[in-house]
Amino acid sequence: MSQRNTTHATFVIERELAHPPAKVFAAYADPNKKAKWFGGPPEWNSEHTMDFRVGGKETSTGGPPGGVVHKMSGEYWDIIENERIVMSYELHLGATRISVSLGTTEIKPNGAGSKLIYTEQGAYLDGYDDAGQREEGTRELLGQLETYLNS
Amino acid sequence: MTTIAHATIAMERTYSASPARVFAAWSDVEARKRWSTPTDNIRIEYEAADFREGGKDVSRCIEPGNADYVATVTYIDIRQDRRLVFAEDVVHGEKRVSAALISMELTPKDAHTHLTLTMQIASFDEAGMESGYQFGWSAALDNLAKEFSQ
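Chains as they are written, first to last, in this note's numbering: chain W, 328 to 478; chain D, 896 to 1045.
Take a look at the structure:
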């Protein structure tokens, strides 16, 4: 086991949203709002906790019925109201840590709506995950955010 | 309007020491104080040091004539003698200037150890922290060799 076992990658996802920055930011900042879109499919019965302040923690725990538990544990590093959220998070599958990431969310005014730019700089550990899968999963999450905002 | 500049910097070094010895130079805060100082006129003081997963370090980088740079680290992944992953931010004066994810990996190579350092940096509001990381860590990794010179 002398092989290097961590791969690093960055991906960027941009979304134009028909909602002003304050509304988009609130979907991240308000625990009740974030719980409506953030997490796995409904059958995962995800449990969500968050303390939205610099140094505060967030967790989301759940998984397919009878399957392995997925746990996201994050920490907020920088928050600028209506503009920016920076967090690091790690992902566990069962007892195995599969990745550590730095995620930045930028929200910019765009006409009557907003432009959201999410950049994830990730370290994927020991071959359990990769940037392609993570980007796909994150695109689904941001799709859920958009559905929530439009509802 | 705020902006974020993202960058990734990778550095590699080979040290004449075992992975256990190189790892110990990272886990031991007294050793880190010696080698992580990039230049002689800069001093580093630790206000907190807690080397375990979930533990935090707070260090103050003091340079005459400049506001202090205060770095807060959260250790996330620690594999003894193999790997270290931590997140940190840097506050300069009153302003948070960056957040970064830093991975350090050690690979044995004959009687030596190959070290790879990968810094994934988000620099805020044109703070130019990419060049700060480049300069500071390049000098620190060179200094680290001196820990093993005897």
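Heads up, the beta-carbon is just placed ideally off N, CA and C, and yes, glycines get one too.
These numbers come from a predicted model, not from an experiment.
Query                                                                                                                                                   : Result
Exposed or buried, what is Gln1015 of chain D when buried is set at 16 or more other beta-carbons lying within 10 Å of its beta-carbon?                 : buried
Is Thr903 of chain D closer than 8 Å to Thr337 of chain W when the C-beta atoms are compared?                                                           : yes
Can you name the residues that DSSP bridges to Arg461 of chain W?                                                                                       : Paired residues: none, contrary to the question.
So what does Glu473 of chain W bridge to, in DSSP terms?                                                                                                : DSSP, once it has assigned bridges, lists no residue as partnering Glu473 of chain W.
Could you check what DSSP says for Ser1033 of chain D in three-state terms: helix, strand or coil?                                                      : helix
Grouping DSSP H, G and I as helix and E and B as strand, with all else coil, what is Met328 of chain W?                                                 : For Met328 of chain W, the pLDDT reaches just 41, beneath the cut-off of 50, and the residue's location in the model is therefore unreliable, leaving the point undetermined.
How far does the beta strand (DSSP E) with Ser426 of chain W in it extend, from its first residue to its last?                                          : 423-437
In whole angstroms, give me the CA-to-CA distance for Met328 of chain W and Thr1002 of chain D.                                                         : For Met328 of chain W, the predicted structure reports a pLDDT of 41, less than 50, and the residue's modelled location is therefore unreliable. A value from the coordinates is still provided. Distance between the alpha carbons of Met328 of chain W and Thr1002 of chain D: 9 Å.
Measuring alpha carbon to alpha carbon, tell me which of D:Ala926, D:Pro914, D:Trp1032, D:Ile939 ends up nearest Asp963 of chain D.                     : D:Ile939
Using CA atoms only, rank isn't needed, just tell me which of D:Ser1044, D:Ile957, D:Thr898 is closest to Tyr941 of chain D.                            : D:Ile957
Tell me which same chain residues have a C-beta within less than 6 Å of the C-beta of Tyr403 of chain W, skipping the five on either side of it?        : Val381, Gly383, Met414
When DSSP labels each residue in this structure, what does Glu942 of chain D get in the three-state scheme?                                             : strand
For the beta strand (DSSP E) that Val1060 of chain D lies in, which residues bound it at each end?                                                      : In the structure as shown, chain D begins at 896 and stops at 1045. Residue 1060 of chain D is therefore absent and cannot be evaluated.
At a CB-CB cut-off below 8 Å, which residues of chain D make contact with Lys435 of chain W?                                                            : Met896
Tell me, please, whether the CB atom of Glu410 of chain W is closer than 8 Å to any CB atom in chain D?                                                 : yes
Taking the alpha carbon of Ile997 of chain D as the reference point, which residue from D:Asp984, D:His1007, D:Lys990 has its own alpha carbon closest? : D:Asp984
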